[in-house]
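2 protein chains.
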Amino acid sequence: MDKILRIQMDGPKVSEGPLGDYAGLGGRAMTSTIISKEVPPLCHPLGEDNKIVFAPGMLSGTASVMSGRLSVGCKSPLTGGIKEANSGGQAAQVLARLGYAAIVLEGKPKDDTLYKVFIDKDGVKITEDNSLKKLGNYDLVEKMKADHGDKITCMSIGPAGEMKMSAASIAITDMELRPTRHAGRGGVGAVMGSKGVKVIVLDDTGMKIRSPKDPEKFKAANKAFTEGLKKHPVTGQGLPAYGTNVLTNVINEAGAYPTRNFASGQFEGVSKISGETQAETETARGGLATHGCHRGCIIKCSGVYNDKDGNYLTKQPEYETVWAHGGNCCIDDLDAIALMDRMDDDFGLDTIEMGVAIGVAMEAGLLKFGDAEAAINLLREVGKGTPLGRILGNGAGITGKVFGVERVPVVKNQALPAYDPRTVQGIGVTYATTTMGADHTAGYAVATNIMKVGGDVDPLKPEGQVELSRNLQIATAAIDSTGMCLFIAFAILDQPETFQALVDLLNGFYGLSMTGDDVTELGKSVLKKERDFNEQAGFTSKDDRLPAFFSKIPLSPHNLTFQVKDEELDTLHNW
Amino acid sequence: MDKILRIQMDGPKVSEGPLGDYAGLGGRAMTSTIISKEVPPLCHPLGEDNKIVFAPGMLSGTASVMSGRLSVGCKSPLTGGIKEANSGGQAAQVLARLGYAAIVLEGKPKDDTLYKVFIDKDGVKITEDNSLKKLGNYDLVEKMKADHGDKITCMSIGPAGEMKMSAASIAITDMELRPTRHAGRGGVGAVMGSKGVKVIVLDDTGMKIRSPKDPEKFKAANKAFTEGLKKHPVTGQGLPAYGTNVLTNVINEAGAYPTRNFASGQFEGVSKISGETQAETETARGGLATHGCHRGCIIKCSGVYNDKDGNYLTKQPEYETVWAHGGNCCIDDLDAIALMDRMDDDFGLDTIEMGVAIGVAMEAGLLKFGDAEAAINLLREVGKGTPLGRILGNGAGITGKVFGVERVPVVKNQALPAYDPRTVQGIGVTYATTTMGADHTAGYAVATNIMKVGGDVDPLKPEGQVELSRNLQIATAAIDSTGMCLFIAFAILDQPETFQALVDLLNGFYGLSMTGDDVTELGKSVLKKERDFNEQAGFTSKDDRLPAFFSKIPLSPHNLTFQVKDEELDTLHNW
Chain W
1353 MDKILRIQMD GPKVSEGPLG DYAGLGGRAM TSTIISKEVP PLCHPLGEDN KIVFAPGMLS
1413 GTASVMSGRL SVGCKSPLTG GIKEANSGGQ AAQVLARLGY AAIVLEGKPK DDTLYKVFID
1473 KDGVKITEDN SLKKLGNYDL VEKMKADHGD KITCMSIGPA GEMKMSAASI AITDMELRPT
1533 RHAGRGGVGA VMGSKGVKVI VLDDTGMKIR SPKDPEKFKA ANKAFTEGLK KHPVTGQGLP
1593 AYGTNVLTNV INEAGAYPTR NFASGQFEGV SKISGETQAE TETARGGLAT HGCHRGCIIK
1653 CSGVYNDKDG NYLTKQPEYE TVWAHGGNCC IDDLDAIALM DRMDDDFGLD TIEMGVAIGV
1713 AMEAGLLKFG DAEAAINLLR EVGKGTPLGR ILGNGAGITG KVFGVERVPV VKNQALPAYD
1773 PRTVQGIGVT YATTTMGADH TAGYAVATNI MKVGGDVDPL KPEGQVELSR NLQIATAAID
1833 STGMCLFIAF AILDQPETFQ ALVDLLNGFY GLSMTGDDVT ELGKSVLKKE RDFNEQAGFT
1893 SKDDRLPAFF SKIPLSPHNL TFQVKDEELD TLHNW
Chain C
1353 MDKILRIQMD GPKVSEGPLG DYAGLGGRAM TSTIISKEVP PLCHPLGEDN KIVFAPGMLS
1413 GTASVMSGRL SVGCKSPLTG GIKEANSGGQ AAQVLARLGY AAIVLEGKPK DDTLYKVFID
1473 KDGVKITEDN SLKKLGNYDL VEKMKADHGD KITCMSIGPA GEMKMSAASI AITDMELRPT
1533 RHAGRGGVGA VMGSKGVKVI VLDDTGMKIR SPKDPEKFKA ANKAFTEGLK KHPVTGQGLP
1593 AYGTNVLTNV INEAGAYPTR NFASGQFEGV SKISGETQAE TETARGGLAT HGCHRGCIIK
1653 CSGVYNDKDG NYLTKQPEYE TVWAHGGNCC IDDLDAIALM DRMDDDFGLD TIEMGVAIGV
1713 AMEAGLLKFG DAEAAINLLR EVGKGTPLGR ILGNGAGITG KVFGVERVPV VKNQALPAYD
1773 PRTVQGIGVT YATTTMGADH TAGYAVATNI MKVGGDVDPL KPEGQVELSR NLQIATAAID
1833 STGMCLFIAF AILDQPETFQ ALVDLLNGFY GLSMTGDDVT ELGKSVLKKE RDFNEQAGFT
1893 SKDDRLPAFF SKIPLSPHNL TFQVKDEELD TLHNW
């Protein structure tokens, strides 16, 4: 992982070089540093001056557990700011073993030609292949398997990315070579589409696992880290048993489950779509309730969702997906939700953005809340790229504007995820202030507000939320740079020895002597670069706000509004 | 003109009150002061906290010539900033004679009920009238005539305003009771639609002309002012003879005529759509090549455009309309352009925003450049509110985003008018820096750059453009507050005695002793309020920029890019 691959698409022309200024960086630290240094903040996100960076984390490709997260960075066509979208799947491990700390797509092709990029131990091959046009991710991967065998990993866009939709994702294949993991948020797929690249196929056959500088220390740290994850109730029990959808009952019980496009905080149909019901359904149909998305995952929060006939339909839909297409739209049909998850994965769409966009369309009266069939049909339009589909495919904000809707749950034009900020005030602070646009993963205050992980801050009160969110945002920026799955946060927040094991993993691998404070400094430096980029792109404190309705209209059942004051939000980035 | 009428639409409830803090204000000074004082800058433009203000100018309703301009102000759903859209037609004169310095629509109705507001000397009547739903402005006005006789003036929205499209205008009837004058820009029609008001019908029967404090001085000033306008070549000859479309040949000759969505600076079909051809066509078909839009107009820059059979089709399309639907889309068919003008007026749409949106759709490949029939069909979709129509009806910016287009000529999300900033660098400064979003009328540097009115600043060079635009923006803000048509600017810039006559008109009417400097101060104070509002709404210097392509891609035939530096643009509001 000592080189950077650059592909200039106005050619295309390939160049490889040493890390230079970027040495020592990984994941989000790598993508955000390259973007903030090389991309003009006011450039058009789909223009030749934008770049898209794929970077494995610092520990990706090593023997470390949980180190398979990939960062994808660019200027976002959805938010207009900097973006790091983070994905599981195999790509980070494979890229790292192929020796690449980053792949950067630059420039813009002269015409609509579509390209395939193939990378293995022998180098990089770029081929024109217009036969791939408008292929869904599933068909595309089958074609790649036919061409290149089944030892590959794919990073690809579906029709949505080709159509440069702002909700377009980049699909990353999992261990079974299914395009089920996505760098979902912020329209990274549209930027890949604007570069004319349909798929990057990776094959690490013949490449070795990355070797640590201090094998003994690294091995011991990995053991301690593994034990720490196993013993924490969230990563050792809850997530493996029910996946992320274990949250449906929890969040609904807390009255924080945004229902009917954020009109209420509890959904009456929740038992039909909960993680418990989902796991039961999966098991009964011969699917899997527990499954990891990449080599080295020991949490295994995913699963396999089969249809009624027992045939594979999609991976286990995540909590946010089940919420976005489910409760948010008053849809209580798990099969319909799973089908929409499959469609999103196939078209290459962010499930959160799409579910919220459909909810806004429901609010506009285009279809009824609860009408699963109409929602599926609407999603079909997105895949086809009809005018209506293009509206939805460009996200909840555009959908709201086009149909004149007032209640549009977006921050920096990115759709809010599955926790209402009126009942989980800490996550509201994160939504408002993160550099990413509304994003729960940028500082998951739900952990401390609801699950009481890493402390206990009352979710219903404004006190302490800014400090909580600030600390979580800093920690997250650091974790996102290591290649570690964010779910390690539960254990490292609660268990000091597990946090130390993470630091030891980094020190053992790189022969460093970092302390916890150094990790914090890394997180701060990433956030600062991102924030500077956004400021130069025209963002101000006015962009660090929730939509006004959260402060005006109380949410049932707690009848609360978002209480954190603007002046407090404005202190988040002071440290 | 000593009272303000407020209609709270969550009722609706009518209240009238004295001017209070707003005494002495008119037109844009009135609308921008009320909006900046009463509307939260971060509110949703279609929500209950936004207000829409209709204000005649300081001299409207008097015997002064040219004093019939109406200002319509709100927070714009198109730009997200403050908006003053300015219109001719009869409304300003009539409103002023009815005694209203402003009508303010506030709050929001509880449901979709549509209201008619009728105002005459006996007061205000508000009626629910859902039979008006989706009526075009022409049919609507016929209905109002049937109900209220032909002494009325209407301010109304078409289907576009009801659908809350960001390109929706407010139609103002002219002397023949045709809905041909529009407060066009920034989506003011959508805000009126969000208030549930389809039409405000005004009848000033029984009301008197407003009396000056110093009748002698006022009368003398009016005479001198009239003479000044008559003797200036632009207002005395060019505009009466050919209307604003006299510019087509002039601007094309200068290489500043944006063609094919701002891809080149000259249009080969220009002779077919020039003002000269247009006037000839109008006369030959029994229309009018010269016509005033309101009582007291002596410039008479408008006309009547009949179809091939000699039947009224629309008023004489303006230069900007002919350009937007014509040269910008490579359409050289005057009849097709006139039909689109009629459709825009009927649906209630800004012709500039629509023409530019269609050009962007052409760039996206939805229809071919030059295909008039396809353009007309596309416009029909807007009127119907199909998904495709909703995209276009929300403006060029949204159209560009939805279809992933890179060359989208907007500033603050508002479409650029008919002068390419690479060849008329002064107007580029105005587009970039005005509080309004791209707007030629906010500081018409074309006058000095091309017509050499008020001085001579080389249009092809960056030098002097910021100072020119600054002075024009200040002067314009003042003129827009008097109720005077902006076309008086040609004469008052070139002829000191005509400027003095304007000051004397104000002094004679109000019994004041203002100087020219006071007029300048008025303009500055208006701009400052608008700029403060926009800053609080989240605008920064990064919003005071042209799209990047103007600085990157040279325009033929001069092969120039926009040369004014960002740092210079940032000094515009320093005075």
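Taken in sequence, the protein lines are chains W and C. Residue 1353 is where the first sequence starts when you use our numbering, and the numbers rise one by one after that. Residue 1353 is where the second sequence starts when you use our numbering, and the numbers rise one by one after that. We treat Cβ as the ideally placed atom computed from N, Cα and C, and that holds for glycine. All values derive from a computational prediction rather than experimental measurement.
(1) Check whether chain C comes within 7 Å of T1633 (chain W), counting only Cβ atoms and requiring the distance to be less than that.
(2) If you reduce the DSSP assignment to three classes, tell me which class M1361 (chain W) lands in.
(3) Count the other C-beta atoms from every protein chain shown that fall within 10 angstroms of the C-beta of G1662 (chain C), then say buried if there are 16 or more, exposed otherwise.
(4) Over the uninterrupted alpha helix (DSSP H) stretch that includes M1706 (chain W), give me the two end residues.
(5) Taking the C-alpha atoms as reference points, what is the distance between I1704 (chain C) and D1693 (chain W)?
(6) Measuring only between beta-carbons, confirm whether L1701 (chain C) sits less than 7 Å from chain W.
(7) To the nearest angstrom, report how far apart T1867 (chain C) and G1644 (chain C) are at their CA atoms.
(8) Got a sec: does the ligand GTP put a non-hydrogen atom nearer than 6 Å to the Cβ of M1788 (chain C)?
(9) Please list, in chain order, all residues of the same chain as L1581 (chain W) whose beta carbon is under 8 Å from its beta carbon, the five residues on each side excluded.
(10) Residue range of the beta strand (DSSP E) that P1408 (chain W) falls in?
(11) To the nearest angstrom, how far is it from the Cα of A1448 (chain C) to the Cα of R1562 (chain C)?
(12) How would you label K1550 (chain W), buried or exposed, when you count the other beta carbons within 10 angstroms and need 16 or more for buried?
(13) At a Cβ threshold of 7 Å, is E1758 (chain W) touching chain C?
(14) Could you please give the first and the last residue of the uninterrupted alpha helix (DSSP H) stretch that includes A1544 (chain C)?
(15) What residues in its chain sit with their C-beta under 7 Å from that of A1853 (chain C), if we drop five residues either side in the sequence?
(16) Hey, is G1890 (chain W)'s beta-carbon within less than 7 Å of any beta-carbon in chain C?
(17) Can you give me, in chain order, the residues of the region 1719-1745 of chain C that have a beta carbon less than 8 Å from any beta carbon in chain W?
(18) Looking at the unbroken beta strand (DSSP E) that takes in Y1664 (chain W), where does it start and where does it end?
(19) Any beta-carbon of chain C closer than 7 Å to the one on L1484 (chain W)?
(20) For the candidate residues W:R1647, W:I1683, W:G1638, W:L1719, whose alpha-carbon lies nearest to that of Q1668 (chain W)?
(21) Given a cut-off of 7 Å, decide if Y1671 (chain W) and T1596 (chain W) are closer than it, judged by their beta-carbon atoms.
(22) Which residue's Cα is closest to the Cα of T1611 (chain C): C:D1463, C:K1486, C:P1773?
(23) Of the residues C:S1865, C:V1656, C:T1642, C:D1808, which one's Cα is nearest the Cα of L1845 (chain C)?
(24) Let me know if S1423 (chain C) comes out buried or exposed under the rule of 16 or more other beta-carbons within 10 Å of its beta-carbon.
(25) Classify I1522 (chain W): buried if its beta carbon has 16 or more other beta carbons within 10 angstroms, exposed otherwise.
(26) Which whole-angstrom value describes the C-beta separation of I1434 (chain C) and E1882 (chain C), a residue pair presumed to lie in contact below a C-beta threshold of 8 Å?
(27) Q1766 (chain W): which of W:I1387, W:L1820, W:D1895 sits nearest, CA to CA?
(28) Tell me which residues share the same chain as P1392 (chain W) and place their Cβ nearer than 7 Å to its Cβ, disregarding the 5 neighbours each side in the sequence.
(29) What does DSSP give as the partner residue(s) for G1425 (chain C) in the beta ladder?
(30) Here's the rule: buried if 16 or more other CB atoms are within 10 angstroms of the residue's CB, otherwise exposed. What is G1376 (chain W)?
(31) Would you call the CB atoms of N1604 (chain C) and Q1618 (chain C) closer than 7 Å?
(32) Can you round the beta-carbon distance between G1440 (chain C) and R1537 (chain C) to whole angstroms, since I take them to be within the 8 Å contact cut?
(33) Name the two residues that bound the continuous alpha helix (DSSP H) containing G1745 (chain W).
(34) In chain W, which residues lie with their C-beta within 9 Å of the C-beta of M1706 (chain C)?
(35) My understanding is that V1878 (chain C) touches S1384 (chain C), with C-beta atoms under 8 Å, so please give their C-beta distance in whole angstroms.
(36) Kindly indicate if chain W contains any beta-carbon less than 7 Å away from that of L1398 (chain C).
The structure says:
(1) Judged by the 7 Å Cβ criterion, T1633 (chain W) is not in contact with chain C.
(2) Note: M1361 (chain W) maps to coil in three-state DSSP.
(3) Its Cβ having fewer than 16 others within 10 Å, G1662 (chain C) is exposed.
(4) 1703-1715 is the extent of the alpha helix (DSSP H) around M1706 (chain W).
(5) If you draw a straight line from the Cα of I1704 (chain C) to the Cα of D1693 (chain W), it comes to about 41 Å.
(6) By this cut-off, L1701 (chain C) is not an interface position.
(7) G1644 (chain C) has its alpha-carbon roughly 30 Å from the corresponding atom of T1867 (chain C).
(8) This structure does not include the ligand GTP; it has no bound ligands of any sort.
(9) These residues qualify, in order along the chain: V1417, M1418, T1587, G1588, I1650, I1651, I1840, A1843, T1850.
(10) Note, P1408 (chain W): beta strand (DSSP E), 1404-1408.
(11) Between the alpha carbons of A1448 (chain C) and R1562 (chain C) lies a gap of roughly 8 Å.
(12) Result: buried.
(13) Interface residue, yes.
(14) For the sequence presented, residue 1544 (chain C) should be read as Met rather than Ala. Unbroken alpha helix (DSSP H) run through M1544 (chain C): 1540-1546.
(15) Only A1573, A1576, F1577, G1580 meet the Cβ criterion.
(16) With 7 Å as the cut-off, G1890 (chain W) counts as an interface residue toward chain C.
(17) Taking 8 Å as the Cβ-Cβ cut-off, the region 1719-1745 of chain C approaches chain W at T1738, P1739, L1740, R1742, I1743, given in chain order.
(18) Counting along the chain, the unbroken beta strand (DSSP E) around Y1664 (chain W) starts and ends at 1664-1667.
(19) False, the Cβ-Cβ gap to chain C never drops below 7 Å.
(20) The shortest C-alpha separation from Q1668 (chain W) is found at W:G1638.
(21) Yes, they are a contact pair.
(22) Ranked by how close their Cα comes to the Cα of T1611 (chain C), the residues C:D1463, C:K1486, C:P1773 have C:P1773 in first place.
(23) Looking at the Cα atoms, C:D1808 is the closest of the given residues.
(24) S1423 (chain C) should be labelled buried.
(25) In this structure I1522 (chain W) is buried. Its beta-carbon is surrounded by 16 or more other beta-carbon atoms within 10 angstroms.
(26) Yes, I1434 (chain C) and E1882 (chain C) are in contact; Cβ-Cβ is about 5 Å, under 8 Å.
(27) Closest by alpha carbon: W:D1895.
(28) Result list for P1392 (chain W): D1401, in chain order.
(29) Beta-bridge pairing links G1425 (chain C) to C:V1405, C:E1436.
(30) Flag for G1376 (chain W) reads exposed.
(31) Yes. Within cutoff.
(32) Their Cβ separation, rounded to whole angstroms, is 14 Å, which puts G1440 (chain C) and R1537 (chain C) out of contact at 8 Å.
(33) Looking at the DSSP string, the run of the alpha helix (DSSP H) that includes G1745 (chain W) is 1739-1745.
(34) M1706 (chain C) does not reach chain W, its nearest Cβ partner there being about 15 Å away, counting only Cβ pairs nearer than 9 Å.
(35) So it is a contact: roughly 5 Å between Cβ atoms.
(36) It does: the Cβ of L1398 (chain C) has a partner Cβ on chain W nearer than 7 Å.
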